[in-house]
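Scroll down for the structure; my scribbles are underneath it.
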Amino acid sequence: MTNEIHKQYDRLDDVPLIMFCMKEVYVVPDRHIRYAATKAFYGTKMAEGSSVQSHGVKMLFLVEKLEDLKAGLKNDTYIDVILQSLPPSYDPFIVNYNMNGLENGLYMNG
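In our numbering, the protein residues as written are 12 to 121.
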C-alpha cells in the first residue's frame with residue numbers, strides 16, 4: 012500500500028470499514044459493497060469511554076453509504092441500530108429518547 016493510501020485509511024479504526032472503502036475504490040459489484048456496508052453498520056459498537064462524537068460520525072458515514080447504495084432501510088431502523096450500538100452507560104439516554112418521543116427530532120436521511 013502506498014504512503015498516500017495508507018494515510019487515507021489510517022484514520023479508520025476497523026477492518027470492515029477499511030475494506031468497505033477500498034472495495035469502493037477498486038470497483039466491486041454493488042451487491043457486495045452493500046453487504047460490506049450493512050455488515051459494518053450492524054456490527055459497529057461504541058467502546059465504553061470512547062468518543063460519542065467519533066462514533067456518531069462513523070455511524071452517519073455508514074448511513075450515508077447505505078443510502079447511496081439504496082439499501083432500503085427505514086429511518087427508524089437506522090436510529091434503532093445506532094442506539095443499539097451505544098454502550099450500556101447510555102441506557103438512561105436511550106430510555107429517555109424512547110419514552111419522550113424524541114425520535115421526532117432525529118432524522119438520519121433527507
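For each residue, glycine too, the CB sits at the ideal point set by N, CA and C. Remember, it's a predicted structure, so these values are computed and weren't measured experimentally.
- A Cβ-Cβ contact shorter than 8 angstroms links residue 44 with residue 31.
- Judged by beta-carbon spacing, residue 57 lies within the 8 angstroms limit of residue 97, meaning their Cβ atoms are closer than that value.
- Residue 81 holds the alpha-carbon nearest to the alpha-carbon of residue 41 among 87, 27, 81.
- The Cβ-Cβ distance between residue 84 and residue 73 does not fall below 8 angstroms.
- Residue environment: residue 110 is assigned as exposed (fewer than 16 neighbouring CB atoms within 10 Å of its CB, all protein chains considered).
- With respect to the C-alpha of residue 59, the residue from 65, 48, 99 having the closest C-alpha is 99.
- Taken through DSSP and simplified to helix, strand or coil, residue 109 comes out as helix.
- Contact between residue 27 and residue 54 holds, since their C-beta atoms are separated by about 6 angstroms, short of 8 angstroms.
- If the five residues before and after residue 49 are omitted, its C-beta is found closer than 7 angstroms to the C-beta atoms of 77, 82, all from its own chain and listed in chain order.
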